[in-house]
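Below is one structure, written out as structure tokens; comments come after it.
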Amino acid sequence: MTPSPASARERKRAAIGTAAFAVAPATAAGVVPWLLTRWEVASPVPGGVPAQITGALLIGAGAAVIANSFVHFAVEGIGTPAPFAPPKKLVVGGLYRYVRNPMYVSVAAAIAGQGLLLGQPKLFVALGIGAVQVVAFVRLYEEPALTRKFGPAYEEYRRNVPRWLPRLRPWRPEGPEPSRGEG
102 MTPSPASARE
112 RKRAAIGTAA
122 FAVAPATAAG
132 VVPWLLTRWE
142 VASPVPGGVP
152 AQITGALLIG
162 AGAAVIANSF
172 VHFAVEGIGT
182 PAPFAPPKKL
192 VVGGLYRYVR
202 NPMYVSVAAA
212 IAGQGLLLGQ
222 PKLFVALGIG
232 AVQVVAFVRL
242 YEEPALTRKF
252 GPAYEEYRRN
262 VPRWLPRLRP
272 WRPEGPEPSR
282 GEG
């Protein structure tokens with residue numbers, strides 16, 4: 102089935118908006134750590150080479166998850182992760198079947214990875230400060246907004262998919278797919 106011109110136009114706009122919004126995680130996971138450390142490697146790195154390898158893996162995994170999440174917002178949600186241009190449909194595919202907030206988790210992984218790779222404990226302090234703000238934003242703004250917009254579909258999703266620690270198996274709604282239409 103070929104998407105309608107309006108649908109193709111909406112998806113293109115969502116892709117452009119999502120790409121523009123990529124500045125936020127790039128700032129949190131890239132610019133802020135650079136400003137704090139100038140990406141200088143401590144000598145010696147606490148934990149040595151194993152810590153650095155773990156850090157590099159966390160950075161790579163974080164970047165991959167962020168990219169995957171942005172694609173799902175543009176293609177599945179026909180929108181962006183930004184509150185000013187939210188998705189038209191509830192995004193529950195891909196990595197969102199394992200955890201409700203893969204982007205926040207992946208940004209945290211990338212920052213922690215830099216802390217390990219560089220041997221810079223101040224990045225863990227910054228991560229903790231940022232985590233408090235993200236948790237407050239998610240609980241006080243994002244979840245209530247999603248509940249208002251998507252109602253029972255979001256409530257079902259929320260009951261079945263954890264906020265921060267991923268499930269071991271992907272969530273698959275029982276019976277027909279929950280209504281995820283525009284709210």
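If you use my numbering, the sequence shown corresponds to residues 102 to 284, in order.
For glycine and all other residues, C-beta sits at the position ideal for the given N, C-alpha and C.
Since this is a predicted model, take the numbers as computed values, not measurements.
So, are the CB atoms of residue i and residue j less than 7 Å apart?
i	j	result
G216	L224	yes
L228	A246	no
V200	P271	no
P182	F122	yes
A157	V208	no
A210	G163	yes
T89	F171	The structure shown does not extend to residue 89, since the chain spans only 102 to 284, so no value can be given for it.
W193	Y258	Note that residue 193 is Val in the sequence shown here, rather than Trp. Yes. Within cutoff.
N169	G149	no
N202	R264	yes
Reducing DSSP to helix, strand and coil, say where residue i ends up.
i	result
F122	helix
G216	helix
G149	helix
V166	helix
I179	coil
W135	helix
G194	coil
F185	coil
V226	helix
A143	coil
N202	coil
V262	coil
S280	Unreliable placement is indicated for S280, whose pLDDT of 48 sits below 50; the coordinate value is still reported in the next sentence. Note: S280 maps to coil in three-state DSSP.
P267	coil
R240	helix
Could you round the C-beta distance between residue i and residue j to whole angstroms and report it? I think they count as a contact, below 8 Å.
i	j	result
L218	I160	7 Å
Q221	A143	6 Å
Y205	H173	14 Å between Cβ atoms; not a contact.
### Task
Would you be able to state if there are at least three C-beta pairs under 8 Å between the segment 240 to 253 and the segment 173 to 182?
Segments in contact, no.
### Query
If we count Cβ pairs, one from each stretch, closer than 8 Å, do we get three or more for the segment 147 to 157 versus the segment 234 to 245?
Short answer: they don't touch.
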